[in-house]
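Q: Okay, handing you the structure first.
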Amino acid sequence: MRQRRLGTELRRLREQADLSATAAGAQMGSSQSRVSSIESGGYAVSADRVRAMGREYRCADRELIEALARMTGGRTRGWWDEYRDILPAGMLDLAELEHHASSMRIASVIHLPGILQTREHARAVISDVVPPLEPYEVEHRGSYRIKRQAVLHGEHPVEVTAILHEAALRMDFGGPDVARAQLTYLLEMAERDNVTLRVIPFGSGTFPSSGQGIIYLGGEVQHLDTVQLDTDHGSEFLDTQPQLARYRHTLDRMEALALAPAGSQDMIDRIQRDLRR
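Pasting the structure below:
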């Protein structure tokens with residue numbers, strides 16, 4: 001995913017410079033096929049080559065070029081590689097993006113964010129997909145979802161702001177016991193310095209969202225941000241500047257309707273206590 005994004009950004013810089021792949025290759029003493037291979041993510045390029053391409057494309061944004069240079073070196077190998085022949089590619093791409101993210105903003109209306117789910121809650125949700133999965137597939141996806149949470153811990157945990165609609169807190173997936181444990185876990189995570197939970201109560205007003213899960217992953221520079229949409233047919237990744245601006249606006253609108261963190265934790269606690277009755 002990271003190498004493909006690097007290629008995509010280099011192609012955009014070339015097109016902004018009004019150069020064909022053939023012309024760009026000739027200017028750099030290369031070929032059209034080599035330029036196309038770099039842009040498709042099929043050929044690993046060095047940091048120095050990225051800087052040279054930035055000069056040829058007359059890109060004045062040095063911060064962007066240096067961020068692109070740091071994306072070189074081929075595909076990152078991480079824990080998600082053990083799932084490469086087991087899970088869809090979009091899941092692995094999301095784990096890689098989360099691993100490299102500088103920050104994350106998440107919005108969930110119906111389902112709680114996967115990165116904040118307990119194992120039992122995840123198993124209950126995953127077991128209910130259509131078409132149904134085999135038991136071993138449920139376990140694979142559940143363990144993958146829990147391993148994604150590593151980015152919340154460690155020496156340099158990612159900063160996460162999660163905007164949760166009240167509906168997601170009341171869905172009761174897995175039954176009352178699982179739901180209570182899940183809400184307890186949310187309250188525990190909200191105590192972490194790098195996790196902020198904001199709840200949108202019923203009746204707060206409308207916002208520009210279809211209800212699908214949104215993860216806005218911060219890049220090293222804003223130009224390299226990525227949006228992941230959690231759809232019924234799998235993950236969709238968006239990275240054009242108009243798309244990024246649209247989802248920043250959507251998240252801003254949703255966050256403006258949400259309670260402050262302290263009030264949000266109070267609401268989660270009240271909902272949890274309601275489940276005990």
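Quick note, the sequence shown lines up with residues 1 to 277 if you use UniProt numbering.
Idealized CB from N, CA, C, for every residue including glycine.
#1: Within the continuous beta strand (DSSP E) that includes His-165, where are the two ends?
#2: Where does Thr-184 sit, in a helix, a strand or coil, going by DSSP?
#3: What residue does the alpha helix (DSSP H) around Gln-228 start on, and which one ends it?
#4: Where Ala-89 and Arg-4 are concerned, what is the direct C-alpha to C-alpha distance, given to the nearest angstrom?
#5: Which residues share a DSSP beta bridge with Glu-236?
#6: Does the structure place the stretch 93-104 close enough to the stretch 215-224 that three or more beta carbon pairs sit under 8 Å?
#7: Mapping the DSSP letters down to three states, classify Gly-218 as helix, strand or coil.
#8: Thinking Ile-106 and Val-160 are a contact (beta carbons under 8 Å), I'd like their distance in whole angstroms, please.
#9: What residue range does the alpha helix (DSSP H) around Thr-196 cover?
#10: Taking C-beta to C-beta, are Gly-54 and Ile-38 nearer than 7 Å?
#11: Which residues mark the beginning and the end of the beta strand (DSSP E) in which Arg-105 is found?
#12: Closest to Asp-193 by C-alpha separation, out of Leu-152, His-140 and Arg-11, would be which residue?
#13: Mind checking Asp-225: buried by the 16 CB within 10 Å criterion, or exposed?
#14: Report the residue from Thr-240, Leu-183 and Asp-85 whose alpha carbon sits nearest the alpha carbon of Leu-13.
#15: How many Å lie between Gln-228 and Tyr-247 at the Cα?
#16: For the stretch 121-129 and the stretch 140-158, state whether three or more C-beta atom pairs, one from each stretch, are separated by less than 8 Å.
#17: At which residues does the alpha helix (DSSP H) containing His-121 begin and terminate?
A: Once the coordinates are examined:
#1: Along the sequence shown, one-based indexing puts residue 165 at 165. Run containing His-165: 159-165, per the beta strand (DSSP E) assignment.
#2: Within the sequence shown, numbered from 1, the residue matching residue 184 stands at position 184. Three-state DSSP puts Thr-184 in a helix.
#3: Working through the sequence shown from its first residue, we reach residue 228 at position 228. Boundaries around Gln-228 are those of the beta strand (DSSP E), 226-231, since no alpha helix (DSSP H) includes it.
#4: Counted from its first residue, the sequence shown places residue 89 at position 89. Counted from its first residue, the sequence shown places residue 4 at position 4. So the two alpha carbons sit approximately 13 Å from each other.
#5: What you label residue 236 is simply residue 236 of the sequence shown in a count that begins at 1. According to DSSP, which records beta bridges pairwise, Glu-236 is partnered with Leu-229.
#6: Cβ pair count under 8 Å is three or more, so yes.
#7: Position 218 of the sequence shown, counting from 1, holds the residue named residue 218. In the three-state DSSP reduction, Gly-218 falls in the strand class (E or B).
#8: Looking up residue 106 in the sequence shown gives position 106. Looking up residue 160 in the sequence shown gives position 160. Contact holds; Cβ gap of about 7 Å.
#9: Translated into positions along the sequence shown, residue 196 becomes position 196. No alpha helix (DSSP H) holds Thr-196; the beta strand (DSSP E) holding it covers 195-200.
#10: Taking the sequence shown and counting its residues from 1, the one referred to as residue 54 is at position 54. Taking the sequence shown and counting its residues from 1, the one referred to as residue 38 is at position 38. Against a cut-off of 7 Å, the Cβ pair of Ile-38 and Gly-54 comes out as no contact.
#11: Along the sequence shown, one-based indexing puts residue 105 at 105. That run of the beta strand (DSSP E) goes 103-108.
#12: The residue you call residue 193 lines up with position 193 of the sequence shown. Comparing alpha carbon positions, the residue from Leu-152, His-140 and Arg-11 closest to Asp-193 is Leu-152.
#13: Numbered from 1 along the sequence shown, position 225 holds the residue referred to as residue 225. Burial call: buried.
#14: What you label residue 13 is simply residue 13 of the sequence shown in a count that begins at 1. Taking only the C-alpha atoms, the option nearest Leu-13 is Thr-240.
#15: To locate residue 228, count along the sequence shown from 1; it is residue 228. To locate residue 247, count along the sequence shown from 1; it is residue 247. Looking at the backbone, the Cα of Gln-228 and that of Tyr-247 are separated by about 10 Å.
#16: Cβ pair count under 8 Å is three or more, so yes.
#17: Mapped onto the sequence shown, residue 121 falls at position 121. Counting along the chain, His-121 sits inside the alpha helix (DSSP H) bounded by residues 119-126.
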